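K.L.:
Quick one: this structure, given as structure tokens, is what I'll be asking you about.
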Amino acid sequence: MLFYQWVLRQAVPTTYLQFHLVLTLPLLALLWYLTPTYDRIRRRRGAAGLAILIAIAVAYTTPWGSYMIQRGVWWYGEGVVAARLLSIPAGEYLFFGIQTLTVGFYLYWRGFDPSYETGDFAWGPRIAGVGVGVLLFGGGLWMVFQGPSWLYLGGLLAWVGPVVALQWSVGGGYLVRRPRAWIEAAVVPTVYLWIIDRWAIGRGLWIISNEYTTGIAPFGLPIEEILFFLSAGVMTVTGLVLFEWVLDWNDTRTVTSQQ
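Per this note's numbering: the sequence shown = residues 567 to 825.
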């Protein structure tokens, strides 16, 4: 009976660690298993890209997430968090890596072509992407100063804007030319993350402030959470495809210079 109760407690997560053990790590393991075997160069580049993106995710998200938690934009249920660093739970740091790997493994499972082609440095898409990034950043800052209910949404948009501007300034032409792979890899895993996030909120594992959110919550999931997971997925997958695309461009340039 005691063993049965222990198993039941693990199957219904009540802590951040159990949440990952039951709801995120099994999917990650499945996608890793499904990922086909690439040639040695692609494997090496894919591994490097994932490692770099995880490091960037931790470094870039930690100050923003720490500030939001300290302001009370979201917090955690009693007994959910075992350890914290800079106000951020250990489970949250795991989430940075798990989401990056989940999106990445899905991308490599579905496959994409990182080949550089003439025209990928076209100015139009790059300027448009930078413009969108600037608008997100400026609009987000403007929202933050409009009142408490805009803090999460405004802070999120301001956090996303610089990354969008940087990524599209480099490879906007390539992203426009091959949109299917990165859009699918950003959206499909995100839908699953929306579902488990909604479940966790409903169970009280974490609580989103009513004061610092707009109150818009389709299917009970705050719009801010919807946009957070989607934007994180998009930034991750575009970072991965652009990483390999830049390396392929460099290969092409090197071959051309040697001819």
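Positions of the beta carbon are idealized from the N, C-alpha and C atoms, including for glycine.
Here the structure is a predicted model, which means the values were calculated and not measured.
Use the C-beta contact count for residue 757: other C-beta atoms within 10 angstroms, 16 or more gives buried, fewer gives exposed.
P.N.:
Walking along the sequence shown from the start, residue 757 turns up at place 191. Burial call: exposed.
K.L.:
Output yes or no for whether 7 Å exceeds the beta carbon distance between residue 615 and residue 809.
P.N.:
Position 49 of the sequence shown holds residue 615. Position 243 of the sequence shown holds residue 809. In contact: residue 615 and residue 809 (Cβ atoms closer than 7 Å).
K.L.:
For residue 801 versus residue 729, is the C-beta spacing smaller than 7 Å?
P.N.:
Reading the sequence shown from its first residue, position 235 is the one you call residue 801. Reading the sequence shown from its first residue, position 163 is the one you call residue 729. Result yes, Cβ atoms of residue 801 and residue 729 sit closer than 7 Å.
K.L.:
Identify the residues that DSSP records as bridge partners of residue 650: which are they?
P.N.:
The residue given as residue 650 occupies position 84 in the sequence shown. Residue 650 pairs with 655.
K.L.:
Applying the 10 Å Cβ sphere with the 16-neighbour rule, what's the burial state of residue 736?
P.N.:
What you label residue 736 is simply residue 170 of the sequence shown in a count that begins at 1. Residue 736 should be labelled buried.
K.L.:
Three Cβ pairs or more, each shorter than 8 Å: is that satisfied between the region 659-666 and the region 581-595?
P.N.:
yes
K.L.:
Provide the residue(s) that pair with residue 718 in DSSP beta bridges, ordered along the chain.
P.N.:
Here residue 718 corresponds to residue number 152 of the sequence shown, with the count starting at 1. DSSP output for residue 718 lists no bridge partner at all.
K.L.:
In three-state terms, what does DSSP make of residue 782?
P.N.:
Indexing the sequence shown from 1 puts residue 782 at position 216. Here residue 782 sits in coil by DSSP.
K.L.:
With a 10 Å radius around its C-beta and 16 neighbouring C-beta atoms as the bar for buried, classify residue 666 as buried or exposed.
P.N.:
What you label residue 666 is simply residue 100 of the sequence shown in a count that begins at 1. By the 10 Å Cβ count, residue 666 comes out buried.
K.L.:
Using CA coordinates, which residue listed in 683, 587, 642 and 604 is at the minimum distance from residue 816?
P.N.:
Locating residue 816 in the sequence shown gives position 250, counting from the first residue. Minimum Cα distance to residue 816 is reached at 683.
K.L.:
Quick one: residues in its chain with C-beta nearer than 6 Å to the C-beta of residue 598, no 5 flanking neighbours on either side, listed in chain order?
P.N.:
Within the sequence shown, residue 598 is the residue found at index 32, counting from 1. Contacts found: 671.
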